[in-house]
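Chains as they are written, first to last, in this note's numbering: chain U, 1 to 198; chain Y, 1001 to 1198.
Ideal Cβ positions, reconstructed from N, Cα and C, are used throughout, including at glycine.
Only a predicted model underlies this, so the values are computations on that prediction, with no experimental measurement involved.
Let me begin by presenting the structure, written as structure tokens, before commenting on it.
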């Protein structure tokens, strides 16, 4: 144990949490020490296990402590639909919001040639191999509509189209509760051009 | 290990942090797992030690893993001045903001007869014993100016005055940067009545 007071070490260590500065770190430390030691002990225990044991699913690459995640291991999921997402958090968001019953493939990033991130760096050969297995019929691209996201989606669409698979991507338009006059022009133009019959 | 996915357990355990709901817990978990495992491992390690080892200083009752805290053990601190605070966090705030060189006594709460918190529950006999040691000359009351805080301060002031010690309390008035027209009437009246010659 170093000579620095443990309390100072705790305040310091808490700064690894996103958005936590010196003041909130201090507040959190006192809260746990004075009001919720049990919660703090449990958090320390679970966090140690999580940081050590959570790795990638060997099939979809989402975060899991098992070699295969619960979704990939579930025989009731429809292996004909493969939803491609950037991050594990996107997978969780789709699972929570939709009734999608297919499977996923996590990219772990976007193509960005300027940063040296090409198809090999994203491990897209594993996606290609997955498509070659022959089970997938539809590839759903759930990738952020940014420049890099667009390039990534385009690349994967080519991969899928070359194998005769159907490719879809998430609809773009006015978000729920969005006010038209606060919407950026690009989105508004897309939504207008993509209008649908009522 | 329970059958629940570790990621879910981590998200759940993070909710012991003050102000962290399900959504932020999820964001924190993904941040640590994807971007800062090292920080998460260190936090888990330090937090486990802190929750287990940090107790109270046997003299001032602030949080420390030692039997006596660094302040009480420091012979350069002036034992003639004793600052009484409610919580360890108040002690830290005063240490950080002022050049006070005396010692502290942490109450750990306020007198609140309706909640069954009397002098015995706050361990005020230890404060009395400390004053009886004869080293303290001035008792500084740094207690929140609430109803319960006022009653607590009053009780301690009697304790000190009965032993012929001088008793002071923090000045009350307009806070630095405070706008007069946003200030509550009570504080404004106090500040007006307590005006000082320029």
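query, result
"Please confirm if residue 1105(Y) has its CB atom under 8 Å from at least one CB of chain U.", "no"
"Using a C-beta to C-beta distance shorter than 8 Å, which residues of chain Y count as neighbours of residue 48(U)?", "1041, 1044, 1045, 1048"
"Using DSSP with H/G/I as helix, E/B as strand and the rest coil, what is residue 1001(Y)?", "Note that residue 1001(Y) scores 45 on pLDDT, short of 50, meaning its location in the model is unreliable and no value can be drawn from it."
"Taking the beta carbon of residue 1088(Y) as the centre, do at least 16 other beta carbons fall within 10 Å, making it buried, or is it exposed?", "buried"
"Mind checking the segment 51–81 of chain U against chain Y and listing, in chain order, the residues whose C-beta falls within less than 7 Å of any C-beta there?", "51, 53, 54, 63, 64, 65, 70"
"Once the 5 residues before and after residue 1(U) are set aside, which same chain residues still bring their CB inside 6 Å of it?", "Residue placement at residue 1(U) cannot be trusted, given a pLDDT of 45 that sits under 50; what the coordinates show is reported in the next sentence. Excluding positions up to five away in sequence, the list is empty."
"Just verifying my parser: in three-state terms, what is the DSSP assignment at residue 96(U)?", "helix"
"Check whether chain U comes within 8 Å of residue 1092(Y), counting only Cβ atoms and requiring the distance to be less than that.", "yes"
"Can a CB atom of chain U be found closer than 8 Å to the CB of residue 1131(Y)?", "no"
"How far does the beta strand (DSSP E) with residue 82(U) in it reach, from first residue to last?", "78–85"
"For the candidate residues 1034(Y), 1019(Y), 1082(Y), 1052(Y), whose alpha-carbon lies nearest to that of residue 1134(Y)?", "1082(Y)"
"Find the residues of chain Y that neighbour residue 114(U), judging by a C-beta separation of less than 7 Å, and give them in chain order.", "Those do not exist, as residue 114(U) stays about 21 Å from chain Y at its closest Cβ, beyond 7 Å."
"Going by Cα to Cα distance, which pick from 1076(Y), 1078(Y), 1107(Y) is closest to residue 1091(Y)?", "1107(Y)"
"Can you tell me the Cα-Cα spacing of residue 161(U) and residue 173(U), whole angstroms?", "25 Å"
"Could you check where the alpha helix (DSSP H) with residue 1149(Y) kicks off and where it finishes?", "1147–1161"
"Counting only Cβ pairs nearer than 7 Å, list the residues of chain Y close to residue 28(U).", "1017, 1018"
"Residue 125(U): buried (16+ other C-beta within 10 angstroms of its C-beta) or exposed?", "exposed"
"Flag this pair as yes or no: are the beta carbons of residue 39(U) and residue 32(U) separated by less than 8 Å?", "yes"
"Under 9 Å Cβ-Cβ, which residues of chain U neighbour residue 1088(Y)?", "7, 30, 33, 34"
"Would residue 1155(Y) pass as a contact of residue 1119(Y) if the rule is Cβ separation under 8 Å?", "yes"
"Closer than 8 Å, CB to CB, is residue 10(U) near chain Y or not?", "yes"
"Would the segment 175–192 of chain U count as touching the segment 1015–1026 of chain Y if we require 3 or more Cβ pairs under 8 Å?", "no"
"Anyone know if the C-beta pair for residue 1188(Y) and residue 1180(Y) falls short of 8 Å?", "yes"
"Looking at the strands, I want to know which residues DSSP matches up with residue 1052(Y).", "In the DSSP output, where bridge partners are listed per residue, residue 1052(Y) has none listed."
"Note down, in chain order, every chain Y residue with its Cβ under 9 Å from the Cβ of residue 137(U).", "The premise fails here: residue 137(U) is roughly 28 Å from chain Y at the closest Cβ pair, so nothing lies under 9 Å."
"In whole angstroms, what separates the C-alpha of residue 130(U) from that of residue 1064(Y)?", "55 Å"
"Is residue 141(U) helix, strand or coil by DSSP?", "strand"
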